[in-house]
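K.L.:
There are 2 protein chains.
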Amino acid sequence: MLAEIITIGDELLIGQVIDTNSAWMAGQLNMIGIKVHQITSISDNRDHILTTLAEASARVQLILITGGLGPTKDDITKHTLCDYFNTSLVFSDLAYKNVEKLFAARGFAVSELNRQQAMVPANCRVISNPNGTAPGMWFEKDGCIYVSMPGVPFEMKAIMEQEIIPQLLDKLNKVIIHRTILTEGVGESHLAAEIEPWEDSLPSFIKLAYLPQPGMVRLRLTAYGTNRDELQQAVSKAEKELYPYAGKYIFGYDDDTMESVTGQLLRKKRATLSTAESCTGGNIAQLITSIAGSSDYFKGSIVAYSNEIKEQFVGVPHQVLADFGAVSEQTVKAMAEGIRNRFSTDYAIAVSGIAGPGGGTAEKPVGTTWIAVATPSGTVALKFLFGDHRGRNIRKASVAALNMLRKTLTE
Amino acid sequence: MLAEIITIGDELLIGQVIDTNSAWMAGQLNMIGIKVHQITSISDNRDHILTTLAEASARVQLILITGGLGPTKDDITKHTLCDYFNTSLVFSDLAYKNVEKLFAARGFAVSELNRQQAMVPANCRVISNPNGTAPGMWFEKDGCIYVSMPGVPFEMKAIMEQEIIPQLLDKLNKVIIHRTILTEGVGESHLAAEIEPWEDSLPSFIKLAYLPQPGMVRLRLTAYGTNRDELQQAVSKAEKELYPYAGKYIFGYDDDTMESVTGQLLRKKRATLSTAESCTGGNIAQLITSIAGSSDYFKGSIVAYSNEIKEQFVGVPHQVLADFGAVSEQTVKAMAEGIRNRFSTDYAIAVSGIAGPGGGTAEKPVGTTWIAVATPSGTVALKFLFGDHRGRNIRKASVAALNMLRKTLTE
Chain A
1 MLAEIITIGD ELLIGQVIDT NSAWMAGQLN MIGIKVHQIT SISDNRDHIL
51 TTLAEASARV QLILITGGLG PTKDDITKHT LCDYFNTSLV FSDLAYKNVE
101 KLFAARGFAV SELNRQQAMV PANCRVISNP NGTAPGMWFE KDGCIYVSMP
151 GVPFEMKAIM EQEIIPQLLD KLNKVIIHRT ILTEGVGESH LAAEIEPWED
201 SLPSFIKLAY LPQPGMVRLR LTAYGTNRDE LQQAVSKAEK ELYPYAGKYI
251 FGYDDDTMES VTGQLLRKKR ATLSTAESCT GGNIAQLITS IAGSSDYFKG
301 SIVAYSNEIK EQFVGVPHQV LADFGAVSEQ TVKAMAEGIR NRFSTDYAIA
351 VSGIAGPGGG TAEKPVGTTW IAVATPSGTV ALKFLFGDHR GRNIRKASVA
401 ALNMLRKTLT E
Chain B
1001 MLAEIITIGD ELLIGQVIDT NSAWMAGQLN MIGIKVHQIT SISDNRDHIL
1051 TTLAEASARV QLILITGGLG PTKDDITKHT LCDYFNTSLV FSDLAYKNVE
1101 KLFAARGFAV SELNRQQAMV PANCRVISNP NGTAPGMWFE KDGCIYVSMP
1151 GVPFEMKAIM EQEIIPQLLD KLNKVIIHRT ILTEGVGESH LAAEIEPWED
1201 SLPSFIKLAY LPQPGMVRLR LTAYGTNRDE LQQAVSKAEK ELYPYAGKYI
1251 FGYDDDTMES VTGQLLRKKR ATLSTAESCT GGNIAQLITS IAGSSDYFKG
1301 SIVAYSNEIK EQFVGVPHQV LADFGAVSEQ TVKAMAEGIR NRFSTDYAIA
1351 VSGIAGPGGG TAEKPVGTTW IAVATPSGTV ALKFLFGDHR GRNIRKASVA
1401 ALNMLRKTLT E
């Protein structure tokens, strides 16, 4: 099956909005074995919509359309679809019940303008939109499927995930399963080299995608076939077989993040945490506290940007700073132990480095970063050499520091 | 002049890469009065490229093409353009000098594969690419301009900004001027209502765009016409006339950020800063230290997530916390004064609030946030009520806190 995607909206053609929908939809279709032939963005213009639909239907068997379904006058997709299919709008009870439900949840009555959202072309099958008033619409004509969806990304995604992809899989008599494995402490190319034998051994119906982010690489397994149990077993087997190659890098699965995984481990141990940050400037504290409920295990941080603060408030001895400098094993260990004692926590993280762009020397170039973790049974410190980009250095140091703590907690 | 954008690359059609280029290019064209009729994404397929070019050239007078210019076999745009224009590749000295320069800067010799990057269709005018080996190419045929550029966004953007847009303006005999005005402390719709008389008085050749971000709204003025001096004067006049309406919200211009503006003010005053953060969890320190050189004025922060830390390390009296709670005017003032004294800084910021999703009460709902600024001449505190989204509350509180400091510094 070959597909095209058509996104409709003046905002796309004046550059006000980036079309993120198309790539997401293309990725979804690609994963179920449907190839996307072309993506076309056009304005809210009747003739242009009609021509584009006709041209696409001559080339492919599936057309996904987003946009132009709002209740205001400039949104003309629904009327144009009526012209295209030579039909007219009818009232849909199913679509109206959804509008009513959404308004009731917000405590409002349905306005006339929004009642219009339940009017749909007579030849369509209404697809529920759990997050908005504009329903999805499924048409079939002359061997081509047309699906029209709202352009609001989270509305479109819910409709695609909950309705369209399952229905297409049904039509194709196929199922699909995803599993994402999160790794840290290894770059994409090194990871790829290390797991190559495993990757080569994957059955052809499991696809692997590398999704790199600063400081981590996500591996996404997608299994596509006809039998859900068999696919599930194959994915579990692949996941298990990956472990000998990459187990030391794996820190989580699917929607996990480094801060959520670390937080869960602290919570399980009923342990508390504090941080002393120099070059990361509060970024680690900020990551930890981005998790709701983190106050249960996180007591606080000192961002010790000046040596004075490192001495007086974190408790780094003056002589250590004088002898070894702020970016050193001795200082970062003293920071971790200092904050752990002062804030009376079970664990502590400390980071001191040269984020750049200034401040580097031949001996300690930009990117040099010391990270320490203090625990009830001692303190460990590691040296990292990141790159020369300030923002990325800060992000990488933060992830590496949380990962050091995570490893300590799982030992 | 009417335009189309064609982006070429298999990665776009399998959803691996979001096409951010098209929206950016459309925005650039829109600002110089060129309307974009259609955006089309297609794969690296010869026949599909040829058809798409022919169809587009029948509709518009300008076609911008990105992608497919890499040195590897799957990149076929250049050869396909030769077929389209019925010509062949020739060696370009200009393009080769650029390749040499780029390799010399990295200390490498030019490989044969990269020498090929200097081969261009005989009928094109080479456009310099300062950031990559693939040159831009300008073609004209039968009243239509074709511009082919690499798909790497920062390469394409430099070519567009430095070469294509100026050359199109020349062709159109036009000039363009931008000015962005940054506001804080007012939502988009309220700001729009307050500045409506000013907006209505803008001359027709100045366009206004609202660009909202969490906690701030950027106003972008774009003047388009034939005389640079006149446009410049008109924009300066508009900027001046905005002041009576929105002066109290304006904190910067163009590439400024709240943290850069605040940092510049501190630097100018040779003043130092510390922060005590509860609900923002280190985000303010992180913003401040994202600016290179911030160690000149920022001494550090205490992220006081627990009351214990607020008492022992920030110096909030036990009785204040017991009587008024952590989220109160009294506590946040004591935090600001406490950190200012302990860290011996001229200024200090403190924030305490309920970021959510839990922790809200009828009296203090989620989003309730107290912010204090301590100065050499006293301490002020303000109460804010943000929304119910944790991440946005943290970002809004951070921007609002920096803005309170900024106002104090400019008084």
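Sequence lines, in order, name chains A and B.
All letters in the first sequence, in the order written, are residues 1 to 411 by this note's numbering.
All letters in the second sequence, in the order written, are residues 1001 to 1411 by this note's numbering.
Glycine included, each C-beta is placed from N, C-alpha and C at the ideal position.
Strictly below 9 Å CB to CB, what residues from chain A border residue 1024(B)?
P.N.:
Here residue 1024(B) refers to the residue found at position 24 of the second sequence. What residue 1024(B) touches in chain A: 15, 18.
K.L.:
Leaving out five residues on either side along the sequence, give the residues of the same chain with a beta carbon under 6 Å from the beta carbon of residue 1229(B).
P.N.:
To locate residue 1229(B), count along the second sequence from 1; it is residue 229. None.
K.L.:
Please report how far the alpha carbon of residue 1282(B) lies from the alpha carbon of residue 1217(B), in whole angstroms.
P.N.:
Looking up residue 1282(B) in the second sequence gives position 282. Looking up residue 1217(B) in the second sequence gives position 217. Approximately 23 Å between the Cα atoms of the pair.
K.L.:
Secondary structure at residue 1309(B), three-state DSSP: helix, strand or coil?
P.N.:
Translated into positions along the second sequence, residue 1309(B) becomes position 309. Helix at residue 1309(B).
K.L.:
Do residue 347(A) and residue 273(A) come within 8 Å of each other at the CB atom, strictly closer than that value?
P.N.:
As a position in the first sequence, residue 273(A) is number 273, starting the count at 1. As a position in the first sequence, residue 347(A) is number 347, starting the count at 1. Yes; because the gap between Cβ atoms is below 8 Å, this pair is in contact.
K.L.:
If I follow the unbroken beta strand (DSSP E) through residue 207(A), where does it start and stop?
P.N.:
Residue numbering aside, residue 207(A) sits at position 207 when the first sequence is read from its first letter. Element bounds for residue 207(A): 206-213.
K.L.:
Can you check the region 329-363 of chain A for any beta strand (DSSP E) of at least 3 residues that lies completely inside it and give the ranges in chain order?
P.N.:
The qualifying runs are 347-353.
K.L.:
Apart from the five residues just before and just after residue 13(A), which ones in its own chain have a Cβ nearer than 7 Å to its Cβ?
P.N.:
Position 13 of the first sequence, counting from 1, holds the residue named residue 13(A). Counting only Cβ-Cβ distances below 7 Å, and skipping sequence neighbours, we find 41, 43.
K.L.:
Rounded to whole angstroms, what is the Cα-Cα separation between residue 1380(B) and residue 1397(B)?
P.N.:
On the second sequence, residue 1380(B) is found 380 positions in, with the first residue counted as 1. On the second sequence, residue 1397(B) is found 397 positions in, with the first residue counted as 1. Those two C-alpha atoms are separated by around 16 Å.
K.L.:
What in chain A is Cβ-close to residue 1285(B), meaning under 7 Å?
P.N.:
Position 285 of the second sequence holds residue 1285(B). Here the neighbours are 281, 282, 303.
K.L.:
Quick one: residues in its chain with C-beta nearer than 7 Å to the C-beta of residue 1097(B), no 5 flanking neighbours on either side, listed in chain order?
P.N.:
Sequence index remark: in the second sequence, residue 1097(B) carries index 97 (1-based). Excluding positions up to five away in sequence, the list is empty.
K.L.:
Whole angstroms is fine: what's the gap from residue 1125(B)'s alpha carbon to residue 1257(B)'s?
P.N.:
Position 125 of the second sequence, counted from the first residue, corresponds to residue 1125(B). Position 257 of the second sequence, counted from the first residue, corresponds to residue 1257(B). If I take the Cα positions, the gap works out to 39 Å.
K.L.:
Quick check on DSSP: helix, strand or coil for residue 1149(B)?
P.N.:
Within the second sequence, residue 1149(B) is the residue found at index 149, counting from 1. Strand.
K.L.:
Which residue wins for smallest C-alpha separation from residue 214(A), given the options 184(A), 234(A), 242(A), 371(A)?
P.N.:
On the first sequence, residue 214(A) is found 214 positions in, with the first residue counted as 1. Nearest of 184(A), 234(A), 242(A), 371(A) to residue 214(A), Cα basis: 184(A).
K.L.:
Could you tell me which uninterrupted beta strand (DSSP E) segments, each at least 3 residues in length, are contained entirely in the region 1274-1307 of chain B, listed from first to last along the chain?
P.N.:
Those beta strand (DSSP E) runs which fall completely within the region 1274-1307 of chain B and span 3+ residues are 1298-1304.
K.L.:
Kindly indicate which three-state DSSP category residue 154(A) falls into: helix, strand or coil?
P.N.:
In the first sequence, the residue the question calls residue 154(A) occupies position 154. It is helical.
K.L.:
Whose C-beta lies closer than 6 Å to the C-beta of residue 1025(B) among residues of the same chain, with five residues either side of it excluded?
P.N.:
Counted from its first residue, the second sequence places residue 1025(B) at position 25. Only 1005, 1064 meet the Cβ criterion.
K.L.:
For residue 1308(B) and chain A, any beta-carbon pair shorter than 8 Å?
P.N.:
For this step, residue 1308(B) is matched to residue 308 along the second sequence. Taking Cβ atoms only, chain A reaches closer than 8 Å to residue 1308(B), which makes this a yes.
K.L.:
To the nearest angstrom, report how far apart residue 342(A) and residue 315(A) are at their CA atoms.
P.N.:
In the first sequence, residue 342(A) corresponds to position 342, counting from 1. In the first sequence, residue 315(A) corresponds to position 315, counting from 1. Between residue 342(A) and residue 315(A), the C-alpha separation is close to 8 Å.
K.L.:
Any idea if residue 340(A) is buried or exposed, counting beta-carbon neighbours within 10 angstroms, 16 or more meaning buried?
P.N.:
For this step, residue 340(A) is matched to residue 340 along the first sequence. Per the 10 Å Cβ criterion, buried.
K.L.:
So what's residue 1121(B) in DSSP terms, helix, strand or just coil?
P.N.:
Walking along the second sequence from the start, residue 1121(B) turns up at place 121. Three-state result, residue 1121(B): strand.
K.L.:
Can you name the start and end residues of the beta strand (DSSP E) that residue 1065(B) belongs to?
P.N.:
Here residue 1065(B) refers to the residue found at position 65 when the second sequence is read from its first residue. It spans 1062-1066 - the beta strand (DSSP E) in which residue 1065(B) sits, taken as one unbroken run.
K.L.:
Under 9 Å between beta-carbons, which chain A residues line up against residue 1042(B)? List them in chain order, please.
P.N.:
Sequence index remark: in the second sequence, residue 1042(B) carries index 42 (1-based). Going along chain A in sequence order, the residues near residue 1042(B) (Cβ under 9 Å) are 37, 38, 39.
K.L.:
What does DSSP give as the partner residues of residue 413(A) in its beta bridges?
P.N.:
There is simply no residue 413(A) to check, as chain A begins at 1 and stops at 411 in what is shown.
K.L.:
Does the ligand SAM have a heavy atom nearer than 7 Å to the CB of residue 1041(B)?
P.N.:
Of the ligands one can find in the structure shown there are none, so the ligand SAM has no counterpart to examine.
K.L.:
Could you confirm whether any beta carbon from chain A is found closer than 8 Å to the beta carbon of residue 1357(B)?
P.N.:
Start at 1 with the first residue of the second sequence, and residue 1357(B) comes out as number 357. Interface residue, yes.
K.L.:
I want to see whether chain B comes within less than 8 Å of residue 30(A), judged by CB atoms only; does it?
P.N.:
Position 30 of the first sequence, counting from 1, holds the residue named residue 30(A). Yes, contact with chain B.
K.L.:
Can you look up residue 1031(B) in the DSSP assignment and give me helix, strand or coil?
P.N.:
Locating residue 1031(B) in the second sequence gives position 31, where the first residue counts as 1. DSSP places residue 1031(B) in helix when its eight states are reduced to three.
K.L.:
Does the region 1352-1371 of chain B come close enough to the region 1323-1333 of chain B that 3 or more CB-CB pairs lie under 8 Å?
P.N.:
Touching, yes, given that three or more Cβ pairs across the two stretches are closer than 8 Å.
K.L.:
Per DSSP, what kind of secondary structure is residue 1389(B) in: helix, strand or coil?
P.N.:
Residue mapping note: residue 1389(B) aligns to position 389 of the second sequence, counting from 1. Here residue 1389(B) sits in coil by DSSP.
K.L.:
Between residue 1254(B) and the rest of its own chain, which residues show a CB-CB distance below 6 Å, the 5 nearest in sequence each way excluded?
P.N.:
As a first step, residue 1254(B) is located in the second sequence; it is residue number 254 there, counting from the start. Correct list, in chain order: 1180.
K.L.:
Tell me, please, whether the CB atom of residue 1247(B) is closer than 8 Å to any CB atom in chain A?
P.N.:
Sequence index remark: in the second sequence, residue 1247(B) carries index 247 (1-based). Answer no: the Cβ-Cβ gap between residue 1247(B) and chain A never drops below 8 Å.
K.L.:
Any residues in the region 91-118 of chain A with a beta carbon nearer than 8 Å to a beta carbon of chain B? Which ones, in chain order?
P.N.:
Against chain B - using a Cβ distance shorter than 8 Å - the region 91-118 of chain A contributes no residues.
K.L.:
Starting from residue 1262(B) and walking both ways along the alpha helix (DSSP H), at which residues does that stretch end?
P.N.:
The residue you call residue 1262(B) lines up with position 262 of the second sequence. Run containing residue 1262(B): 1258-1269, per the alpha helix (DSSP H) assignment.
K.L.:
Name the chain B residues that come within less than 8 Å of residue 295(A), Cβ to Cβ?
P.N.:
One-based indexing of the first sequence puts residue 295(A) at position 295. Within chain B, the residues near residue 295(A) are 1305, 1306.
K.L.:
Below 8 Å between beta carbons: does that hold for residue 1121(B) and residue 1128(B)?
P.N.:
In the second sequence, the residue the question calls residue 1121(B) occupies position 121. In the second sequence, the residue the question calls residue 1128(B) occupies position 128. No, Cβ-Cβ distance for residue 1121(B) and residue 1128(B) is not below 8 Å.
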